[in-house]
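The sequence shown lines up with residues 565 to 737 when you count with the numbering used here.
Glycine included, each C-beta is placed from N, C-alpha and C at the ideal position.
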Amino acid sequence: MDILLASDVIQARIREVAAEIERDHPGDEEIHLVCVLKGGFMFMADLIRHMSPRVTLDFIAVSSYAKGTKSSGEVRMLKDLDSGLEGRNVVIVEDIVDTGLTLTYLQDILRARSPKSLRTACLLNKPSRRQVDVDVKYIGFTIEDHFVVGYGLDYAEKYRNLDHIAVLNGDDE
Ligand code: IMP
Ligand code: MG
């Protein structure tokens, strides 16, 4: 595996993203982070360490229907949030935006719960594969069309524990 983003590079950028999120939420209102499991867990864990004590968090898990077939954009809810979003400042925390279908679905269902604001933070952005235009306010890194693993991202549930992002080659599988 080739290292694409080393741990120190990721950590430095996450500090900046945390500062951007804080800046966009002036005052002392709560910032409610919604982590998209499983891939978003490490990004969220590091992000909140650089944020003020007004941060609260929750988790949601979704999975795409019939991977590999022509995607309908339909996504299945595996685990819903524990609490409602009405009137809250919500930031979705996701590992990567690829086709954009997962995030579009998530934004639609969360917006329907009447948050005061709804923004999205993605560690990685792969614009070359986008199928739907989706608004992502905070992007850690924009990358080429590689299949990447590590720092929360998996291949067949493996490599999520790496502290860096690596490109998976054919031999690694
Ligand atoms: P989208 O609906 O195509 O934007 O799907 C995004 C989801 O696909 C992410 O949340 C990841 O779980 C997964 N994914 C997309 N690209 C990669 C990758 O390069 N490595 C690992 N998972 C990926
Ligand atoms: Mg994911």
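In DSSP terms, what residue i is bridged to
| i | result |
| --- | --- |
| Gly714 | Leu717 |
| Lys643 | Ala625 |
| Ile729 | Leu569 |
| His596 | Thr620 and Val654 |
| Phe607 | Paired residue(s): none; Phe607 is not in a bridge. |
| Leu601 | Ala625 |
| Ala703 | It is Ile, not Ala, that sits at residue 703 in the sequence shown. In DSSP, Ile703 forms a bridge with Cys686. |
| Lys722 | Tyr719 |
Residue i and residue j closer than 9 Å at C-beta
| i | j | result |
| --- | --- | --- |
| Leu597 | Val626 | no |
| Tyr611 | Ala685 | Note on identity: in this sequence residue 611 is Leu, with Tyr being the wrong assignment. A contact, by the Cβ cut-off of 9 Å. |
| Asp659 | Gly734 | no |
| Phe607 | Leu726 | no |
| Gly716 | Gln695 | no |
| Ser678 | His589 | no |
| Arg675 | Tyr702 | no |
| Arg510 | Asp662 | With the chain represented from 565 up to 737, any question about residue 510 goes unanswered, as that position is not in the structure. |
For residue i, three-class secondary structure by DSSP
| i | result |
| --- | --- |
| Gly521 | Because the chain is modelled from 565 through 737, residue 521 falls outside the range shown and cannot be assessed. |
| Arg663 | Here residue 663 is Thr; the residue named in the question, Arg, does not match the sequence. If DSSP states are grouped into helix, strand and coil, Thr663 belongs with coil. |
| Ala685 | strand |
| Asp669 | Looking at the sequence provided, one finds Tyr at residue 669 rather than Asp. It is helical. |
| Leu674 | helix |
The ligand IMP heavy atom lying under 8 Å from the CB of residue i
| i | result |
| --- | --- |
| Arg693 | yes |
| Gly591 | no |
| Phe761 | As shown, the chain starts at 565 and ends at 737. That puts residue 761 outside it, with no answer to give. |
| Glu658 | yes |
| Ser628 | yes |
| Thr706 | no |
| Leu717 | yes |
| Leu665 | yes |
| Phe711 | yes |
| Lys680 | no |
Rounded straight-line distance, which links the Cα of residue j to that of residue i
| i | j | result |
| --- | --- | --- |
| Leu649 | Asn689 | 26 Å |
| Arg577 | Thr668 | 24 Å |
| Val655 | Asp566 | 31 Å |
| Arg757 | Asp572 | Residue 757 is absent from the model: the chain starts at 565 and stops at 737. |
| Ala720 | Ile673 | 27 Å |
| Glu708 | Thr666 | 19 Å |
| Val713 | Arg724 | 7 Å |
| Lys602 | Leu642 | 11 Å |
| Lys722 | Ala583 | 31 Å |
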